Amino acid sequence: MISGKYSKLFGLVIGLFIVISLVWASIILGLTKITPQMVIDSFYHFDGSKEHIIIQDTRLPRALIAATVGACLAIAGTIMQGLTNNPLASPSLFGVNAGASFFVVLGISFLGVTSLTSFTWLAFTGAALSTVIVYVLGSMGRDGLTPIKITLAGAAIAALFSSLTQGMLTLNERALDQVLFWLAGSVQGRELEILIAVLPYILIGWVAALTIGGQINVLSMGEDMAKGLGQKTILVKIFGGLIVVLLAGGAVAVAGPIGFLGIIIPHVARWLVGIDYRWVIPYSGILGAILLLLADIGARYIIMPMEVPVGVMTALIGVPFFIYIARRGINE
Amino acid sequence: MKKQLTFRFRNLSFLMDKNSLFKIVGLTILIIVIMIVSLGIGQMQVAPWNVVKAIFGAGSDAENLVVQSFRMPRILLSVLAGAGLAMSGAILQGIIRNPLASPDIIGITGGAAASTVAFLAIFSDRSSSLTVSIHWLPLASFIGAVAMGFLVYFLAWKKGGIAPIRLVLIGVGVSAAVQALTTMIMLLGPIYTASRANIWITGSVNGTNWTEIQTLTPWMLFLLIILFIYARRLNMQELGEELATNAGSLVQKDRFMLILLSTALAGGAVAFAGGIGFVGLMAPHIARRLVGSVFGALLPCSALIGGIIVLIADLIARTAFAPLEIPAGVFTSAIGAPYFIYLLFKSRNN
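Just so you know, the protein sequences line up as chains L and H, in that order. Numbers 285 to 616, taken from the working numbering, label the letters of the first sequence in order. Numbers 786 to 1135, taken from the working numbering, label the letters of the second sequence in order.
What follows is the structure, given as structure tokens:
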């Protein structure tokens, strides 16, 4: 679609502009009427009125979290698809989200974890553990990593972790009350502090993701070819895996498991800019932020005055897309 | 001496070697022993012989009551649910020709979970009590399971056929979406619904009564009969599409019927026992190792092993953390997932 270095760069700038406008829209739109003037006033002349409090405590964190989490999940999905050569790879289907959720719920319900730092680290641990398990399981054997094997391994690990999570919750009903909303995946009602606590890791993940594009290009020609060209494929995979853990784990720590974003966005990004991962990765980030912001704004209007958790929104958008890809065939 | 027994009657035909027959008899004895032991264990301990007496109403009054009214229904349900899930898994593995397929992975269980939760949410009033009889719940779960089975089947349909791999992938995807819906319904409904639904989803045979057994048993028997008629067609499916077609089998038509059967079996089981995970995966495997992959022997053997797994899981679930009860599904998953990993590891070179 978009070709040429300058038009791709220009596209990124436009994308960034769209993200900023959507953040703005996300602050203004919703059950409580907010005017643009109020938003500006709430920064410079904060008067403690209901609207100002809503802007500062609810809408602004929500918009920023949606943008960040969207970008993280999309980039994680892109890297996973690049590394595994599997168009269905994504943090949710490969059990990364489920693993992170399991550890977080374990922390809340049994270890009495309250501090944000330990919360984050639990999510990272869970994400890392499931990434490693799924990857190792999916690539065992003579034929190496096959899409069907890794998808099944991911589904099984996701099933394992979610049923263990549910088991813990049946034992501890109070915890169920606390974590149910988080488990559905939502960017609403999260505090900005959580985002700030995780942000350093996410930033490292983003920067690293931007540098790995060239290596993924080489790897996606096939493992043998990459080795022949002198690439240390193991190192690239470990490095890529670490980025996935940082980004997916960080996103889950902030917003809970939000699915399907990581599947859709990489395809859209590749459709836009071709298969060069040096461009696909930044485009994925921008597109992920746009999609999650849109889904979150939409989630407010569907069953107003209640809200649909944004994780449900992305699942509903994502499944038709997923089915389309699965029907088209995974080897094309 | 002939090593194999053949049964032939019009359309019905299957063959079983004597060795398998002995193993099936052995498993039947084993399952009866475990049932008796499990009937005796609990807050009130009953010695095995007294259990047998109590089953026939010849024990003390307390023993009769505990064994017949409290423990018997849930033990029978464990066996029925385990058997249903196991046979469902055996069929799916035969069709998909992948040892990793199971009713939970392709989303049948997930569909049942969604409709169960929806049922609980729609029919509860503000004070969190149900406005209709709880006896309708299994019907809701069953409809969910079957609807999901069909949905996945039709979405996987392309150019006049079902490719097994597509079926699995679409099952995985759709069940993820259904899971999101389930969470949403739980979230929007009252917390009572949420905790009750959560137990159901994890799978538990706690609080079963005789009515449920009376509803489930004829259903299972009916499916079982059809299944035995279809067992030989399942053997054909395992040969793969081309060979089966060449051998004169109507591959797609049989496949449809078999998927329907598999869904109905799993649906019946989860309707009463909830989403007990991984049984449909584990049991057929263990059975295959015992009696090989001829379905005449494999199906009964899987059913018995499935029953044994759920029985033991339930026994642990109600005794390990007593007086707290843990859903049996947690234990089947805890054993099932490592088993699954082991399978992946073993099949690594195929």
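Note that the Cβ used here is the ideal one computed from N, Cα and C, for glycine as well. None of the values given here were measured: they were computed from a predicted structure.
Could you tell me whether the segment 1063 to 1081 of chain H touches the segment 840 to 854 of chain H, where touching means 3 or more Cβ pairs closer than 8 angstroms?
no
DSSP beta-bridge partners for L:LYS617?
With chain L running from 285 to 616 in the structure shown, residue 617 of chain L is simply not present.
Listed in chain order, which residues of the segment 883 to 900 of chain H have Cβ atoms closer than 8 angstroms to some Cβ of chain L?
ASN883, LEU885, ASP889, ILE890
Name, please, each residue of chain L whose Cβ falls closer than 8 angstroms to the Cβ of H:ASN983.
GLN450, LEU453, THR454, LEU460
With DSSP run on the structure shown, which of helix, strand or coil describes H:GLU848?
helix
What separation, rounded to the nearest whole angstrom, lies between the Cα atoms of H:GLY974 and H:ALA906?
6 angstroms
For H:LEU1096, tell me which candidate among H:PRO1112, H:LEU1083, H:ALA1082 has the shortest Cα-Cα distance.
H:PRO1112
In angstroms, rounded to a whole number, what distance separates the CA positions of H:GLY895 and L:THR401?
34 angstroms
What's the C-alpha gap between H:ALA1068 and L:ALA373?
29 angstroms
Which whole runs of the alpha helix (DSSP H) in the segment 497 to 567 of chain L are 4 residues long or more, in chain order?
507 to 512, 517 to 539, 545 to 557
Is there a C-beta anywhere in chain L that falls below 7 angstroms from the one on H:ILE950?
yes
By the 10 Å Cβ neighbour count, where 16 or more other Cβ atoms means buried, how is H:ILE1144 classified, buried or exposed?
This structure cannot speak to residue 1144 of chain H, because chain H is shown only from 786 to 1135.
Does any residue of chain L have a CB that is nearer than 7 angstroms to the CB of H:LEU905?
no
L:PRO320 to L:ILE304, Cα distance in whole Å?
14 angstroms
Just confirm the distance between the C-beta atoms of H:LEU966 and H:ALA1054, as a whole number of angstroms; I'd bet it's less than 8 angstroms.
H:LEU966 to H:ALA1054, Cβ: 22 angstroms. No contact.
Any chain L beta carbon closer than 7 angstroms to H:MET969
yes
Chain-ordered residues of the segment 1096 to 1113 of chain H with a beta carbon less than 7 angstroms from chain L
LEU1109, ILE1111, PRO1112
Cutoff 7 angstroms: H:LEU879 Cβ touching any chain L Cβ:
It is worth fixing the name first, because residue 879 of chain H is Gly in this sequence and not Leu. Not one chain L Cβ lies under 7 angstroms of H:GLY879.
Member of H:ILE821, H:MET1021, H:TYR1127, H:VAL953 whose CA lies at the smallest distance from the CA of H:GLU892
Note that residue 892 of chain H is Gly in the sequence shown, not Glu. Here the closest residue by C-alpha is H:VAL953.
Can you tell which of L:ILE549, L:ILE559, L:LEU571 has its C-alpha closest to the C-alpha of L:PHE606?
L:ILE549
Short of 8 angstroms Cβ to Cβ, which residues in the segment 827 to 848 of chain H face chain L?
none
Please classify L:ALA610: does DSSP put it in a helix, a strand, or coil?
helix
What does H:GLY1062 reach in chain L if we use C-beta pairs closer than 7 angstroms?
ALA443, SER447
Under 7 angstroms, do L:VAL592 and L:ILE601 count as touching if we go by C-beta distance?
no
Beta-carbon gap between L:ILE527 and L:ALA493 smaller than 7 angstroms:
yes
With 7 angstroms as the limit, tell me which residues of the segment 578 to 591 of chain L have their beta carbon closer than that to any beta carbon of chain H; keep them in chain order.
MET590
If we cut at 7 angstroms on Cβ distances, does L:GLY572 have a partner in chain H?
no
Should L:TYR485 go down as buried or exposed, given a rule of 16 or more other Cβ atoms within 10 Å for buried?
buried
Checking contacts by CB at 7 angstroms: is H:ILE821 closer than that to chain L?
no
Is there a Cβ of chain L sitting closer than 7 angstroms to that of H:PHE939, yes or no?
no
Does any residue of chain H have a CB that is nearer than 7 angstroms to the CB of L:PRO371?
no
Does H:ILE809 get closer than 7 angstroms to chain L when you measure Cβ to Cβ?
no
Using a Cβ-Cβ cut-off of 7 angstroms (strictly less than) and excluding sequence neighbours within five positions of L:LEU436, which residues of its own chain qualify?
none
Compute the Euclidean distance between the alpha carbons of L:ILE500 and L:TYR608, then round it to the nearest angstrom.
25 angstroms
Distance CB(H:VAL759)-CB(H:ALA839) smaller than 7 angstroms:
Since the first and last residues shown for chain H are 786 and 1135, residue 759 of chain H lies out of range.
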